[in-house]
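Colleague:
There are 2 protein chains.
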Amino acid sequence: MGTHSFQAPKGTRDFYPSDLAVRRHIEAAWRSASIDCGFDEVDGPTFEHLELYTAKSGESIVNELFSFRRAGGENDYALRPEFTPTLARMIAARGGALPVPVKWFAIPSMFRAERPQRGRLREFYQWNIDIAGVEGAPHDVDVIACGILALERLGLTPRDVQVRVSHRVAIARMLAALGVAADKTADAMTLLDRRDKLKPDEFALRAGALGLSADALARFDVAARATQPLAAALADLAAKIGISADEFAALDDVRAAAARVGILEWMTVDVGIVRGLAYYTGTVFEFHEISGAERALAGGGRYDGLVELFGGPKMPACGLGMGDVVLANALRDRKLLPDDGATLLPRPDVFVISAGGDLADAELPKLVMTLRRAGLHVRTSAKATRNVGKLLGDAGKARARLAVILGAELADGQIAVKDLDAGTQRVAALAEILATPRTLRLP
Amino acid sequence: MGTHSFQAPKGTRDFYPSDLAVRRHIEAAWRSASIDCGFDEVDGPTFEHLELYTAKSGESIVNELFSFRRAGGENDYALRPEFTPTLARMIAARGGALPVPVKWFAIPSMFRAERPQRGRLREFYQWNIDIAGVEGAPHDVDVIACGILALERLGLTPRDVQVRVSHRVAIARMLAALGVAADKTADAMTLLDRRDKLKPDEFALRAGALGLSADALARFDVAARATQPLAAALADLAAKIGISADEFAALDDVRAAAARVGILEWMTVDVGIVRGLAYYTGTVFEFHEISGAERALAGGGRYDGLVELFGGPKMPACGLGMGDVVLANALRDRKLLPDDGATLLPRPDVFVISAGGDLADAELPKLVMTLRRAGLHVRTSAKATRNVGKLLGDAGKARARLAVILGAELADGQIAVKDLDAGTQRVAALAEILATPRTLRLP
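Those protein sequence lines, which keep their order, are chains X and E.
Count the first sequence with the working numbering and you get residues 1013 to 1455, in order.
Count the second sequence with the working numbering and you get residues 1013 to 1455, in order.
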């Protein structure tokens, strides 16, 4: 057996208890926000038929697939690199039978066979929320607000993260107003999308190929980097770029909806947000740390043609994806993961200790199981020692709330109950605890 | 795009909301039982290096692997068919640094490339609990009791499921007492393991090859089908087989430990339980429906050499695995999944309705978000209708506890709050609800 078989495959993770506690902490925020916002949870297979991805997805994803064929089998499969094709396939399978709007969320594992780097792994977890079957800015904002709600529950604020929002229709109208010809619109959008990845001279070179006047080129350059709080008047932004505020009407609808919900302070207009994938058709957004130094925490938007593209009915839709890796980094950087997960582990309600003697050793397993059957988180020691001081130390290390000690008083049917947070101790009747075990549960 | 790309791959499942509610219901029982019993949750990658499985696992697993290699890559991988190799690898990676005992649980997805049939799929979810670093029947029973606790929480009783238990050492001593030669012990165990799969004449043929006297052969046949409640004296069972009760000493330790914990009524001695995999060394058990008609719900036992086999330190261990597919079938057969999952979906706390008018439509999004921010599960309608009767019907269909109606009284700052379970209605001040939204949460 090669030595590397003792390691997790490159770009994947072993989740030891405190690591998994971090993942569960993030997932709990995702799940509770989703449910509170009226989304129903769904899931699909971990792998799909390869052609679900190759036939319609962008090249960037196809190149990153883990694909395989079973020895002797006829079908090619791929580990899912994103959830949307599965979602579209599931909607398609039910045809028109699903009540509209379909509001679904999922927290699947996903796989990308690219080079692992900070914020990007080969296996990761991604929260997906989607609303299908309805159109309009209020639904786009419903998706964004649910993403914000999850971040709020993890302790993040608008001072940590901003949702940068744009709108494909507004961008197209802006480009037309700047004089970009219809056949150059796609090039111009790609350029906006890549503005942070291109060096200034390369950006200038490509912008030059758009066929704009020197004045329009200067205004395109302003637009590419123009951001302002969504709370501010869009007319200001339009004036800066030198276009009519009317071109931003679609974005103004998003603004009005966000204002009604009360999430304006989380949001920034960023005309340069386009989203790489070809399938977005309306509102587009990315969640970014305020510093802008890391990868996006989340991204999404409206993709009205997508469900149909994957074989489903004609159905407008809007969605968001948020991965666990960048988010965990952001929380860690802001000290929002105390002890790196250790204190996120569930605290035992009771740590049961035998102080020795046949009676105590005989009674302990029954007491432990009775408390567990009552829904208490109960730990005990596997050590041979009956030194109560040492065992209380173990109870403290386990972060137990109470210690129950089976000692000499057991001959009279009595046990000691020690509140490890308060440092107080009382005596209780074992029979009473066995009869009403939930009285040992601290609030 | 081929038509089958619109379907989930054979042997995998799409989880629509009520399907996933069933899975989450089962997982919640597994997780809460694990935590209450003092296990910490872990997880590993969905795929591992292929050789982690091929080098040491039994052939039966190797033949069922989904394996793959990244185009242009150097490594062979396989989707995990079981969790134990990952567990052993993770323990090995931390060497002696982990506090003993290691009590871990996991609920990973697993993959077997075999032909799908009732109770057996190509992708399924399996609960694993393991205790490593300690020996003795009390720890074996700790594992079994945790499995029972999860079943109890799902509504199952000892009249539904029995844990059939045996012990490798007891079986070996029984076989020796029956006159099975040391070099035939493995054959005899394999025969016991396959007793339900072989036809009677084939069983007799193979038993004949064990080199036993006619009398011993008859007693071997009795042993192969000998079961009795674990609560009964093992001496009775030994007498039936015609051996000394001493040969069952190891099983008697399990009996004593189970009696102390209080789970005897759940347990049956079944000498014919061996467990196919070669790696078990002591206590072995399977959870079966009382009818015995279905596959085992769970299986496990002590495998003291396994962690070392996968590159870890010398470490005794005992574990259990329980899959979701057979368990869900058992629950469904017993009507323990009401409405096949639909009523397991989370109930909305509040359904907010606008009765129409600019003020109501304007106030609704803010109220909804405020309630959600307070942790309430809030739904609303995407329909254009402002017919309160129809919308109350939708609230009922959504199984909401309360409906909040923004109607004409809103001009005076008032809203109607309707308790949909009790059928009562009251008027409240919107400002008060916005200030203390949690008052709308029913217990």
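Positions of the beta carbon are idealized from the N, C-alpha and C atoms, including for glycine.
Which chain X residues are close to Phe1095/E, counting only those with a beta carbon under 9 Å from its beta carbon?
Modeller: Going along chain X, no residue has its Cβ under 9 Å from Phe1095/E, so there is no contact; the nearest lies around 12 Å.
Colleague: Sort out for me which residues DSSP pairs Leu1091/X with in a bridge.
Modeller: Phe1059/X.
Colleague: With which residues is Arg1003/E paired in a DSSP beta bridge?
Modeller: In the structure as shown, chain E starts at 1013 and stops at 1455, and residue 1003/E therefore has no counterpart that could be examined.
Colleague: Any beta carbon from chain X within less than 8 Å of Leu1388/E's own beta carbon?
Modeller: So, interface residue.
Colleague: Just to confirm before moving on: does the CB-CB distance between Val1112/X and Gly1145/X stay below 8 Å?
Modeller: Against a cut-off of 8 Å, the Cβ pair of Gly1145/X and Val1112/X comes out as a contact.
Colleague: Can you pull the chain E residues whose beta carbon is under 9 Å from the beta carbon of Arg1005/X, in chain order?
Modeller: Nothing can be reported for residue 1005/X, as the shown portion of chain X is limited to 1013 through 1455.
Colleague: Run through the DSSP bridge pairs and tell me what Arg1438/E is partnered with.
Modeller: Its beta-bridge partners are Val1429/E.
Colleague: Flag this pair as yes or no: are the beta carbons of Ile1160/X and Arg1043/X separated by less than 8 Å?
Modeller: The answer is no: Cβ separation not under 8 Å.
Colleague: Between Pro1449/X and Arg1025/E, how many whole angstroms is the CB-CB distance? I'm expecting something under 8 Å.
Modeller: Wrong, their Cβ atoms sit about 38 Å apart, outside the cutoff.
Colleague: Using a C-beta cutoff of 8 Å, does Tyr1089/E count as contacting chain X?
Modeller: It does; some Cβ of chain X falls within 8 Å.
Colleague: Give me the Cβ distance between Ala1200/X and Leu1222/X, rounded to the nearest whole Å; I'm assuming they're in contact under 8 Å.
Modeller: Right, the Cβ-Cβ distance comes to about 6 Å (below 8 Å), so this counts as a contact.
Colleague: Would you call Asp1351/X buried or exposed, if buried means 16 or more other Cβ atoms sit within 10 Å of its Cβ?
Modeller: With fewer than 16 Cβ atoms within 10 Å of its Cβ, Asp1351/X is classed as exposed.
Colleague: Are Asp1048/E and His1389/X touching if we call contact CB-CB under 8 Å?
Modeller: Yes, Cβ-Cβ distance for Asp1048/E and His1389/X is below 8 Å.
Colleague: Just the C-alpha distance for Asp1227/X and Arg1272/X, rounded to the nearest angstrom, thanks.
Modeller: Cα to Cα, the separation comes out at about 38 Å.
Colleague: Any residues in the region 1033-1060 of chain E with a beta carbon nearer than 9 Å to a beta carbon of chain X? Which ones, in chain order?
Modeller: Going along the region 1033-1060 of chain E in chain order, one finds Ala1033, Arg1035, Arg1036, Ser1044, Ala1045, Ile1047, Asp1048, Cys1049, Gly1050, Asp1052, Glu1053, Val1054, Asp1055, Gly1056, Pro1057, Thr1058, Phe1059, Glu1060 with a Cβ nearer than 9 Å to chain X.
Colleague: Could you give the distance in angstroms between the alpha-carbon of Ala1182/X and the alpha-carbon of Leu1190/X?
Modeller: Whole-angstrom Cα-Cα distance: 12 Å.
Colleague: Assess, as a yes-or-no matter, whether the region 1295-1311 of chain E is touched by the region 1169-1185 of chain E under the definition of 3 or more beta carbon pairs within less than 8 Å.
Modeller: Output reads yes: the region 1295-1311 of chain E touches the region 1169-1185 of chain E.
Colleague: Counting only C-beta atoms, is Met1013/X closer than 8 Å to chain E at any point?
Modeller: Low local confidence applies: a pLDDT of 44 at Met1013/X is under 50, so the model's placement there is unreliable, and no value is given.
Colleague: If you draw a straight line from the alpha carbon of Leu1276/E to that of Leu1242/E, how long is it in whole angstroms?
Modeller: Leu1276/E and Leu1242/E: Cα-Cα distance of roughly 6 Å.
Colleague: Does the CB of Ala1340/E have a neighbour CB from chain X at under 8 Å?
Modeller: By this cut-off, Ala1340/E is not an interface position.
Colleague: In chain X, what lies closer than 7 Å to Lys1378/E by C-beta?
Modeller: Within chain X, the residues near Lys1378/E are Arg1272, Val1273, Gly1274.
Colleague: Out of Val1034/X, Ile1038/X, Leu1064/X, Val1362/X, state which residue places its alpha-carbon closest to the alpha-carbon of Gly1324/X.
Modeller: Residue Leu1064/X is the option with its Cα nearest to Gly1324/X.
Colleague: What separation, rounded to the nearest whole angstrom, lies between the Cα atoms of Arg963/E and Pro1212/E?
Modeller: Given a span of 1013 to 1455 for chain E in the structure shown, any question on residue 963/E remains unanswerable.
Colleague: When we look at the beta-carbon of Asp1433/X and count the other beta-carbons within 10 Å, is it buried (16 or more) or exposed?
Modeller: So Asp1433/X counts as exposed.
Colleague: Would you please verify whether the beta carbon of Arg1082/E is less than 8 Å from any beta carbon of chain X?
Modeller: For Arg1082/E, the answer is yes, since a Cβ of chain X falls inside 8 Å of its Cβ.
Colleague: List, from N- to C-terminal side, the beta strand (DSSP E) runs of 3 residues or more that fit wholly inside the region 1108-1150 of chain X.
Modeller: For the region 1108-1150 of chain X, whole beta strand (DSSP E) runs of length 3 or above, ordered along the chain, are 1114-1118, 1121-1123, 1135-1144.
Colleague: Does the distance from the CB of Glu1039/E to the CB of Arg1176/E come in under 8 Å?
Modeller: Against a cut-off of 8 Å, the Cβ pair of Arg1176/E and Glu1039/E comes out as no contact.
Colleague: Look at the alpha carbon of Asp1282/E and the alpha carbon of Ala1262/E, and state the distance between them as a whole number of angstroms.
Modeller: Asp1282/E and Ala1262/E: Cα-Cα distance of roughly 14 Å.
Colleague: When you compare the CB of Val1234/E with every CB in chain X, is at least one pair closer than 8 Å?
Modeller: Taking Cβ atoms only, chain X never reaches closer than 8 Å to Val1234/E, which makes this a no.
Colleague: Assuming Val1337/X contacts Leu1133/X (C-beta within less than 8 Å), just tell me the rounded distance between them.
Modeller: Going by Cβ atoms, the distance from Val1337/X to Leu1133/X rounds to 6 Å, so yes, they are a contact pair.
Colleague: Quick one: is Leu1166/X near chain E, going by C-beta distance under 8 Å?
Modeller: Output row for Leu1166/X: interface = no.
Colleague: Who does Leu1332/E pair with in a DSSP beta bridge?
Modeller: Answer is Ile1141/E, Gly1312/E.
Colleague: What first and last residue would you give for the alpha helix (DSSP H) that runs through Pro1029/X?
Modeller: 1029-1048 is the extent of the alpha helix (DSSP H) around Pro1029/X.
Colleague: Between Phe1027/E and the rest of its own chain, which residues show a CB-CB distance below 8 Å, the 5 nearest in sequence each way excluded?
Modeller: Correct list, in chain order: Arg1035.
Colleague: Anything in the region 1318-1335 of chain E with a Cβ closer than 7 Å to a Cβ of chain X? List those residues in chain order, please.
Modeller: The region 1318-1335 of chain E vs chain X, Cβ under 7 Å: Gly1323.
Colleague: Roughly how many angstroms separate the alpha carbons of Phe1095/X and Leu1332/X, rounded to a whole number?
Modeller: Between Phe1095/X and Leu1332/X, the C-alpha separation is close to 11 Å.
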